[in-house]
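Worksheet: one structure, shown below.
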Amino acid sequence: MNPLLSNNANRVNAAPQQARESFGTRFFRLFGGSRVTLDETAYEALEEALILADVGVTATTRVVERLRQRSRSEQISDRATLVAALREEIVTLLTPVAQPLPDPLPGSTTVILLVGVNGVGKTTLAARLAREFQRRKFTVMLAACDTFRAAAIEQLGVWSDRLDIPMVAQTRGADAAAVAHDAVLSAKAKSINVLLIDSAGRAHVNTDLMQQLQKMVRVMAKVDATAPNETLLVLDAANGQNAIAQCEAFTAEIAVTGLCLTKVDGTARAGIVISLAERFGLPISYLGVGEGIDDLVRFDPLNFAVRLVPDAPT
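Start counting the sequence shown at -8; every next residue gets the next number (the numbering used here).
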């Protein structure tokens, strides 16, 4: 294995300023001219830039090896061709996981459970998804099952008021499973198309809180055997490789059906999307790209590749 790959952790720790740079900045530092020479030094430097963007060792090796193979049969001697080839390899890797959330079935309630650690933006994502389904002319209900964090219920309530969406909630400290149970009952009774459940953030190493999450799933299934229809793990792209550990922990405990990534805009670690896709193969439906209610985009591999590998320095 290339020593740049095995020693990457030390390199990142030793160069915090470099780690804050976008991949585009590093790429154009390496290939600043219109003509490029893909020799071994160039490949090694490209590997390092990808890993510093949190693409991960395995995915980086795969992408760079494909470029090596292509360079043997194709003429990659200018930067524009290299940019196009790199984008194509990223799109090829990401296309299998780019899957939008399906529309709710007529006459049924689609229950979507949002899970993840503290601070990744689950509550805001719940509001953004609610707005998205509203635009698609579906009725929506929110469930405030984060009964642990101070002001969590109030925060979701603000979004409920702004979006004019009903919300099921109890007081802080209530049994989250009981809230989820009541929410599913209420949504089905009112023929709501989509029920979005905001859960408490939990450290992925906290066994008790993971068991609480499992209890929520069991209780919902007693009301509707298909619930939750989707369990979306919310990850903060800025957390980089720590998102891998979170995904490993949550998928080991509950049936995660897909991923949503927040704070993808401007992060030097957007490559974590590629690493997650290669490692877990879970559907990725949406990316959070800003702070506003409308800053949610469907995951599009080509758009993502263009943002990661731009035509000009970023």
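Heads up, the beta-carbon is just placed ideally off N, CA and C, and yes, glycines get one too.
Assigned with DSSP and collapsed to three states, glutamate 31 falls in helix. Take alanine 191, set aside five residues on each side of it, and the residues of its chain with a beta-carbon closer than 8 angstroms to its own are Cys136, Asp137, Thr138, Phe139, Arg140, Ala143, Ala167, Leu200 and Gln203, in chain order.
With fewer than 16 other CB atoms across the displayed protein chains lying within 10 angstroms of its CB, lysine 128 is exposed. The alpha carbon of aspartate 173 has as its nearest neighbour, out of Ser64, Ala165, Val159 and Ile183, the alpha carbon of Val159. Straight across, the Cα-Cα distance linking glycine 15 with valine 27 is about 16 angstroms. Residue range 70 to 85 is occupied by the alpha helix (DSSP H) that includes leucine 84, with no beta strand (DSSP E) assigned at that position. Within the same chain, no Cβ atom closer than 7 angstroms to the Cβ of glutamate 79 is found once the five residues on either side in sequence are excluded. By the Cβ rule, the segment 55 to 75 does not count as touching the segment 274 to 283, because fewer than three pairs are nearer than 8 angstroms. Between leucine 133 and leucine 85, the C-beta gap is not smaller than 8 angstroms, which leaves the two residues out of contact. A distance below 8 angstroms between beta-carbons, with the five flanking residues on each side excluded, links valine 55 to the following residues of its chain, in chain order: Tyr34, Leu37, Glu38 and Leu41.
In this structure, valine 225 keeps its C-beta atom at 8 angstroms or more from the C-beta atom of valine 149. Our two residues, serine 177 and alanine 303, have alpha carbons roughly 52 angstroms apart in a direct line. Beta-carbon to beta-carbon, aspartate 285 and arginine 122 are separated by about 7 angstroms, close enough to satisfy the 8 angstroms threshold.
Where leucine 120 is concerned, the enclosing alpha helix (DSSP H) starts and stops at 113 to 126.
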